[in-house]
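Asks:
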Amino acid sequence: MGAFDIFDDETTAEFRLEYIFPERQKIGIFTPFIGFSGTANSGSYVYSGIGLDLFFGNNFVVTPNFGAGLYGNGDGKDLGNPLEFRSGITFSARLSDYSRIGITFHHISNAGLNERNPGEESILVLYSVPITDLL
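Counting with this note's numbering, you get residues 203 to 337 for the letters of the sequence shown.
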């Protein structure tokens with residue numbers, strides 16, 4: 203849970219649900235993910251991408267990531283194009299049960315595919331649980 207479009211005067215709430223593929227399904231050193239985010243203004247973004255976990259010690263993890271997906275603005279901000287790219291970084295602590303708690307920051311933009319390209323930035327608090335713990 204966090205905030206969508208944090209550098210604008212119409213910031214709104216954002217929630218996100220993301221599936222990060224298990225270690226055995228990495229693509230080289232990259233971890234694929236798929237996800238969905240929604241805003242309080244009925245905006246939605248369905249996306250996929252890759253991340254790279256960089257460990258500092260046993261428990262602190264920095265994860266730069268990149269993805270692409272389809273965006274619908276609902277009653278919220280028009281980002282100029284349905285196809286939008288997301289780049290970001292996550293700072294998290296890995297707990298003893300391998301869950302993670304942290305903060306994530308992302309920029310979404312259509313990379314100039316359309317004349318209108320305002321972009322947006324989001325910041326969210328995250329908690330992730332290995333899916334095997336849920337089954």
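Just so it is clear, CB atoms sit at the ideal spot from N, CA and C, and this is done for glycine as well.
CB-CB under 6 Å to Asn275, same chain, minus the five flanking residues each way: which ones, in chain order?
Replies: Counted from its first residue, the sequence shown places residue 275 at position 73. Cβ within range, chain order: Gly245.
Asks: Arg288 and Tyr249: beta carbons closer than 8 Å?
Replies: On the sequence shown, residue 288 is found 86 positions in, with the first residue counted as 1. On the sequence shown, residue 249 is found 47 positions in, with the first residue counted as 1. Yes; because the gap between Cβ atoms is below 8 Å, this pair is in contact.
Asks: Could you please give me the residues that DSSP links to Ile236 through a beta bridge?
Replies: Taking the sequence shown and counting its residues from 1, the one referred to as residue 236 is at position 34. Looking at the DSSP assignment, Ile236 forms a beta bridge with Tyr221, Ser250.
Asks: Between Asp207 and the rest of its own chain, which residues show a CB-CB distance below 6 Å, the 5 nearest in sequence each way excluded?
Replies: Within the sequence shown, the letter at position 5 stands for residue 207. Correct list, in chain order: Thr213, Lys279, Glu322.
Asks: In whole angstroms, what separates the C-alpha of Ile231 from that of Asp255?
Replies: Along the sequence shown, read from residue 1 onward, the residue named residue 231 stands at position 29. Along the sequence shown, read from residue 1 onward, the residue named residue 255 stands at position 53. Taking the straight line joining both Cα atoms gives about 9 Å.
Asks: What residues match up with Glu317 in a beta bridge as DSSP calls it?
Replies: For the purposes of this step, residue 317 is identified with residue 115 of the sequence shown, where counting begins at 1. In DSSP, Glu317 forms no bridge with anything.
Asks: What span of residues does the beta strand (DSSP E) with Leu328 cover, start to end?
Replies: As a position in the sequence shown, residue 328 is number 126, starting the count at 1. That run of the beta strand (DSSP E) goes 322–330.
Asks: Any idea if Glu286 is buried or exposed, counting beta-carbon neighbours within 10 angstroms, 16 or more meaning buried?
Replies: Here residue 286 is taken as the residue at index 84 of the sequence shown, counted from 1. With 16 or more Cβ atoms within 10 Å of its Cβ, Glu286 is classed as buried.
Asks: When you compare each of Val264, Tyr247, Ile252 to Pro234 by their alpha carbons, which one comes out closest?
Replies: As a working note, residue 234 is residue 32 in the sequence shown. Pro234 has its Cα closest to that of Ile252, out of Val264, Tyr247, Ile252.
Asks: Over what stretch of residues does the beta strand (DSSP E) that includes Tyr273 continue unbroken?
Replies: Position 71 of the sequence shown, counting from 1, holds the residue named residue 273. First-last of the beta strand (DSSP E) with Tyr273: 262–274.
Asks: Do you know offhand how far Ile316's Cα is from Pro284's?
Replies: In the sequence shown, the residue the question calls residue 316 occupies position 114. In the sequence shown, the residue the question calls residue 284 occupies position 82. The question names Ile, but residue 316 in the sequence shown is Asn. In a straight line, the C-alpha of Asn316 is about 10 Å away from that of Pro284.
Asks: Could you check how far apart the C-beta atoms of Ser324 and Gly204 are, in whole angstroms? I think they sit under 8 Å.
Replies: To locate residue 324, count along the sequence shown from 1; it is residue 122. To locate residue 204, count along the sequence shown from 1; it is residue 2. 6 Å between Cβ atoms; contact.
Asks: For Ile236, which option in Ala313, Leu272, Ser301 has the closest C-alpha, if you only look at C-alpha atoms?
Replies: Along the sequence shown, one-based indexing puts residue 236 at 34. Selected option, being the one with the closest Cα: Leu272.
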